[in-house]
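Student:
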Amino acid sequence: MEKRSKELFEKAKDYIPGGVNSPVRAFKAVGRDPIFIKRGKGSHIYDVSDREYIDYVCSWGPLILGHARQEVVSAIKEVVEQGTSFGAPTENEITLAEMIVNAVPSIELVRLVNSGTEATMSAIRLARGYTRRDKIIKFEGCYHGHSDSLLVKAGSGATTLGVPNSLGVPLDFVRHTITLPYNDLECLRRTIEKNHREIACVIIEPVAGNMGVVPPKPGFLEGLREITRRYDIVLIFDEIITGFRVSYGGAQELYGVLPDLTCLGKIIGGGLPIGAYGGKREIMQYISPEGEVYQAGTLSGNPISVSAGITTLKLLSQSGIYEELEERSSALYEGLAKSAKEAKACIRFTRVGSMLCGFFTPKDVIDYVSAKSSDTEKYAAYFRGMLDKGIYLAPSQFETMFVSTAHSMDDIEQTIKASYETLKKIGG
Ligand code: HOZ
Numbered sequence: 007m008e009k010r011s012k013e014l015f016e017k018a019k020d021y022i023p024g025g026v027n028s029p030v031r032a033f034k035a036v037g038r039d040p041i042f043i044k045r046g047k048g049s050h051i052y053d054v055s056d057r058e059y060i061d062y063v064c065s066w067g068p069l070i071l072g073h074a075r076q077e078v079v080s081a082i083k084e085v086v087e088q089g090t091s092f093g094a095p096t097e098n099e100i101t102l103a104e105m106i107v108n109a110v111p112s113i114e115l116v117r118l119v120n121s122g123t124e125a126t127m128s129a130i131r132l133a134r135g136y137t138r139r140d141k142i143i144k145f146e147g148c149y150h151g152h153s154d155s156l157l158v159k160a161g162s163g164a165t166t167l168g169v170p171n172s173l174g175v176p177l178d179f180v181r182h183t184i185t186l187p188y189n190d191l192e193c194l195r196r197t198i199e200k201n202h203r204e205i206a207c208v209i210i211e212p213v214a215g216n217m218g219v220v221p222p223k224p225g226f227l228e229g230l231r232e233i234t235r236r237y238d239i240v241l242i243f244d245e246i247i248t249g250f251r252v253s254y255g256g257a258q259e260l261y262g263v264l265p266d267l268t269c270l271g272k273i274i275g276g277g278l279p280i281g282a283y284g285g286k287r288e289i290m291q292y293i294s295p296e297g298e299v300y301q302a303g304t305l306s307g308n309p310i311s312v313s314a315g316i317t318t319l320k321l322l323s324q325s326g327i328y329e330e331l332e333e334r335s336s337a338l339y340e341g342l343a344k345s346a347k348e349a350k351a352c353i354r355f356t357r358v359g360s361m362l363c364g365f366f367t368p369k370d371v372i373d374y375v376s377a378k379s380s381d382t383e384k385y386a387a388y389f390r391g392m393l394d395k396g397i398y399l400a401p402s403q404f405e406t407m408f409v410s411t412a413h414s415m416d417d418i419e420q421t422i423k424a425s426y427e428t429l430k431k432i433g434g
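Numbering (our numbering), first residue to last: 7 to 434.
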């Protein structure tokens, strides 16, 4: 089994650093070699040896409709026939921008880019240009892509591989980045009151999804909004994961807290590369060519990504979709939690909508420190056990498990059963 994946991984290492194009894919944190994927359909993926798995990575979030959804595939095929990139405006870009503006409560203008990293990097520059201040605040364990100022105490692959502060980032760049504990309003207040004249923005994942799933405590986002407004600090929600996922209007709609700027990615590209940042007209007008904050991109607003994004958002805007997703996700969460109890395992699950995670810790997971208290060796054993039973989870503790509209109740029941058996086997 997996002989072919092994061979491909060996070959990949000859040509690609670590054999992968994004670090967590190397499976280092779970103590085995990666499987190479050949295709996906609905909630299932198939490896190069044709072994089938129920997929809860879903391309790390974009595939809320599952793999190769027919309408999305057809839209891509249709647009590809007409040319793949022009480096000039197209009508569909307006359609996607209009859909985003209508969906996300705080966005009045939106600029499309090519990735989440580009979106957050550009939003930070915009906040600095708008406020004429340099310092930024981010939260420990939040991951906002790999640009220099944001790669400080970062979650996701940076935590998985034990390098939350990367080599190659000059100290001079990150001295403007202040990192604070997630969900600690008092600490945030004290820091802002002391330094507000220098702080351009606060950037946050409104539901943290890159240190596992850590929901905001009640009142935390509201308090963050209140204090940033009081000192004219730009509040940026990184909704690259949560946008169009936890509700059609994202976490800001779910919690009723509106930021000044929002970063998007993943779902708005329907599984193709994209990013976006948007917000108040007054701030967005600082972007070139209207304003003096520069940002550009050859493939920005790429016709294929835009078309896949439009089709995805159209399907998501149909009534009942999020209710159904909630029903499935809640059934999965309840089932996993109940069977963990029956297996007497020390694992606690967190969930916001279709984002889930299991932490091997007796503590409440509320921030980076408590997330990191999880026994990662146990997670690795759980991952391997689940994979052997045909369940594909994120190959790291510090990521999210995604449910899509393609996951059936049968998938969910199989997953719960596999989880019970795996936990029984690896012990509490
Ligand atoms: N660290 C990324 C998700 N949070 C992984 C992306 C990838 O490997 O595709």
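Positions of the beta carbon are idealized from the N, C-alpha and C atoms, including for glycine. Computed from a prediction, not measured in an experiment: that's the story for all the values here.
Verify the contact flag: Gly249, CB atom, against every heavy atom of the ligand HOZ, threshold strictly below 7 Å.
Tutor: Not so, every heavy atom of the ligand HOZ lies at least 7 Å from the Cβ.
Student: Suppose the cutoff is 6 Å on Cβ atoms and the five residues either side in sequence are ignored; what does the same chain contact list for Val252 look like?
Tutor: So the list reads Leu260, Val358, Gly359, once near-sequence residues are dropped.
Student: Mind checking whether Tyr328 and Tyr385 have CB atoms under 8 Å apart?
Tutor: Against a cut-off of 8 Å, the Cβ pair of Tyr385 and Tyr328 comes out as no contact.
Student: When you measure from the CB of Val220 to every non-hydrogen atom of the ligand HOZ, does any distance come out below 7 Å?
Tutor: Checking the Cβ of Val220 against the ligand HOZ gives no.
Student: Figure out for me which residue from Leu319, Glu204, His150 has the closest Cα to the Cα of Ala164.
Tutor: That would be His150, whose Cα lies nearest to the Cα of Ala164.
Student: Does the beta carbon of Ser162 fall short of 7 Å from some heavy atom of the ligand HOZ?
Tutor: Yes, the Cβ of Ser162 comes within 7 Å of a heavy atom of the ligand HOZ.
Student: Short of 7 Å in beta carbon distance, which residues of its chain neighbour Glu332, apart from the five on each side in sequence? Order them along the chain.
Tutor: For Glu332, where only same-chain residues beyond five positions count, the Cβ hits under 7 Å are Gly359.
Student: Counting Cβ pairs closer than 8 Å, one from the region 305-320 and one from the region 109-125, do we hit at least three?
Tutor: Verdict: yes, contact present.
Student: Flag Val358 as yes when its Cβ comes closer than 7 Å to any non-hydrogen atom of the ligand HOZ, and as no otherwise.
Tutor: False, no ligand heavy atom lies under 7 Å from that Cβ.
Student: Take Pro187 and list the residues in its own chain whose beta-carbon comes closer than 8 Å to its own, dropping the five residues that flank it on each side.
Tutor: Contacts found: Phe145, Glu146, Cys193, Asp373, Tyr374, Val375.
Student: Is the number of C-beta pairs between the region 211-229 and the region 14-29 that are closer than 8 Å three or more?
Tutor: No, because fewer than three Cβ pairs between the region 211-229 and the region 14-29 fall closer than 8 Å, the two stretches do not touch.
Student: Is Ser172 near the ligand NAP, going by C-beta to nearest heavy atom under 7 Å?
Tutor: The model depicted lacks the ligand NAP and carries the ligand HOZ instead.
Student: If you draw a straight line from the C-alpha of Ala94 to the C-alpha of Ile273, how long is it?
Tutor: Each residue's Cα considered, the two are about 23 Å apart.
Student: Taking the continuous beta strand (DSSP E) assigned at Phe365, which residues delimit it?
Tutor: Element bounds for Phe365: 361-365.
Student: Taking 8 Å as the cut-off, does the region 408-421 touch the region 42-53 (at least 3 CB pairs, one atom from each stretch)?
Tutor: Touching, yes, given that three or more Cβ pairs across the two stretches are closer than 8 Å.
Student: Closest to Thr406 by CA distance: which of Cys148, Ile353, Gly25, Gly218 is it?
Tutor: The residue with the shortest Cα to Cα distance from Thr406 is Gly218.
Student: Mind checking which residues open and close the beta strand (DSSP E) that includes Ala81?
Tutor: Segment 76-86 is the alpha helix (DSSP H) holding Ala81; no beta strand (DSSP E) there.
Student: Going by the C-beta, is Val2 closer than 7 Å to any heavy atom of the ligand HOZ?
Tutor: No answer is possible for residue 2: it lies beyond the span of the chain, which begins at 7 and ends at 434.
Student: Distance, Cα to Cα, Ser336 vs Ser65?
Tutor: Cα-Cα distance, rounded: 21 Å.
Student: In angstroms with no decimal places, state the Cα-to-Cα distance between Gly285 and Asn98.
Tutor: Rounded to the nearest angstrom, the two C-alpha atoms are 20 Å apart.
Student: Just mark Pro295 as buried or exposed, buried being the case when its beta carbon has 16 or more other beta carbons within 10 Å.
Tutor: Classification of Pro295: exposed, given that the 10 Å Cβ count is below 16.
Student: Going by C-alpha to C-alpha distance, which of Ile142, Lys159, Ser155, Arg138 sits closest to Cys148?
Tutor: Closest by alpha carbon: Lys159.
Student: I believe Phe365 touches Val36 by the beta-carbon criterion, under 8 Å. Please report the beta-carbon distance rounded to the nearest angstrom.
Tutor: Phe365 to Val36, Cβ: 15 Å. No contact.
Student: Short of 7 Å in beta carbon distance, which residues of its chain neighbour Val85, apart from the five on each side in sequence? Order them along the chain.
Tutor: Excluding positions up to five away in sequence, the list reads Pro309, Ile310, Ser313.
Student: Let me make sure I understand the geometry here. Which of Asp417, Leu321, Glu288 has the alpha-carbon closest to that of Gly341?
Tutor: Residue Asp417 is the option with its Cα nearest to Gly341.
Student: The ligand HOZ and Asn120: does the residue's C-beta get closer than 7 Å to at least one heavy atom of that ligand?
Tutor: No, Cβ of Asn120 sits at least 7 Å from all heavy atoms of the ligand HOZ.
Student: List the residues that DSSP assigns as beta-bridge partners of Thr185.
Tutor: According to DSSP, Thr185 bridges with Lys144.
Student: In this structure, does DSSP put Asp53 in helix, strand or coil?
Tutor: In the structure shown, Asp53 sits in a strand (DSSP, three-state: E or B).
Student: Anyone know if the C-beta pair for Pro68 and Leu264 falls short of 8 Å?
Tutor: Contact flag unset, no.
Student: Please say whether Arg134 and Ala18 have beta carbons closer to each other than 8 Å?
Tutor: The answer is no: Cβ separation not under 8 Å.
Student: Alpha carbon to alpha carbon, how far is Ser153 from Ile289?
Tutor: C-alpha separation (whole angstroms): 21 Å.
Student: If you follow the beta strand (DSSP E) that Thr356 is part of, which residue opens it and which one closes it?
Tutor: That run of the beta strand (DSSP E) goes 354-358.
Student: When you measure from the CB of Glu405 to every non-hydrogen atom of the ligand HOZ, does any distance come out below 7 Å?
Tutor: Within the cutoff, so yes.
Student: For Glu419 and Arg45, I'd like the C-alpha separation in whole angstroms.
Tutor: Whole-angstrom Cα-Cα distance: 23 Å.
Student: Could you pull the start and end residues of the beta strand (DSSP E) that Glu16 belongs to?
Tutor: It is not in any beta strand (DSSP E) - Glu16 instead sits in the alpha helix (DSSP H) that spans 9-21.
Student: State the start and end residues of the unbroken alpha helix (DSSP H) segment that holds Gly163.
Tutor: First-last of the alpha helix (DSSP H) with Gly163: 163-166.
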